[in-house]
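Q: Submitted below is the structure of interest, expressed as structure tokens.
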């Protein structure tokens, strides 16, 4: 199995989850974890694409919400150039019979766990392009800048292992 994990992260929490997802996938095949600004908008050779991003205003980030995040913190933000919303818009549509499986995740404040998050919007964007997400998952932070809630990285790795078992690798 070949998997790519593409993430957007402001304060490092989503990046940590993405790396944990990558570690959970690693026993099942080749895995690449890529920050969205460095990700190519192509997935033709991949069996699994996992996309993750932070929740801003109950959805995927926009340039205005990323600017607001930069103003809120004294730290340098991780994703400087591009957001998941923009990257998904650049993806080619799914080919009929394409072997690529997709999954999405977000990070969001634990107190807002019942409210919509970025993963739902990412799943809808992928569906509009002809992809059918295997799973949509949220991981929780204690406050806007974090930290991640206890046990979230372990939960991310376990989720990834579950995903890997659902993917049927393409014949090469």
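Residue numbers (our numbering): 343 to 514. Even glycine gets a Cβ: it sits at the ideal position worked out from N, Cα and C. Nothing here was measured: the structure is a model prediction, and the numbers come from that model.
Could one say the Cβ of residue 502 lies closer than 8 Å to chain C's Cβ atoms, at least one of them?
A: The question asks about chain C, but that chain is absent: this structure has only one protein chain.
Q: Return the first residue and the last residue of the beta strand (DSSP E) that residue 436 is part of.
A: Position 94 of the chain shown holds residue 436. Element bounds for residue 436: n/a, residue is neither H nor E.
Q: Between which residues of its own chain and residue 389 is the CB-CB distance below 8 Å, once the five residues before and five after are set aside?
A: Position 47 of the chain shown holds residue 389. Contacts found: 343, 344, 345, 371, 441, 442, 443, 509, 510, 511 and 512.
Q: Below 8 Å, how does it come out for the region 406-422 and the region 464-482: are there three or more Cβ pairs, yes or no?
A: Result no; under three Cβ-Cβ pairs closer than 8 Å.
Q: Please list the segments of the alpha helix (DSSP H) lying wholly inside the region 417-474, counting only runs of 4 or more residues, in order along the chain.
A: Fully enclosed alpha helix (DSSP H) runs of 4 or longer: 426-432 and 460-470.
Q: Could you tell me the alpha carbon to alpha carbon distance between residue 465 and residue 394, rounded to whole angstroms?
A: Here residue 465 is taken as the residue at index 123 of the chain shown, counted from 1. Here residue 394 is taken as the residue at index 52 of the chain shown, counted from 1. Roughly 10 Å separates the two Cα atoms.
Q: Given a cut-off of 8 Å on the beta-carbon distance, is the pair residue 396 and residue 350 in contact?
A: As a position in the chain shown, residue 396 is number 54, starting the count at 1. As a position in the chain shown, residue 350 is number 8, starting the count at 1. Yes, they are a contact pair.
Q: Going by other Cβ atoms of all chains shown within 10 Å of its Cβ, with 16 needed for buried, is residue 448 buried or exposed?
A: Numbered from 1 along the chain shown, position 106 holds the residue referred to as residue 448. So residue 448 counts as buried.
Q: From which residue to which residue does the beta strand (DSSP E) around residue 506 run?
A: Here residue 506 is taken as the residue at index 164 of the chain shown, counted from 1. Per DSSP, residue 506 belongs to no beta strand (DSSP E); it is in the alpha helix (DSSP H), 494-508.
Q: Where does residue 350 fall in DSSP's three states?
A: Mapped onto the chain shown, residue 350 falls at position 8. DSSP places residue 350 in coil when its eight states are reduced to three.
Q: Taking just the CA atoms, how far does residue 380 sit from residue 410?
A: For the purposes of this step, residue 410 is identified with residue 68 of the chain shown, where counting begins at 1. For the purposes of this step, residue 380 is identified with residue 38 of the chain shown, where counting begins at 1. Those two C-alpha atoms are separated by around 22 Å.
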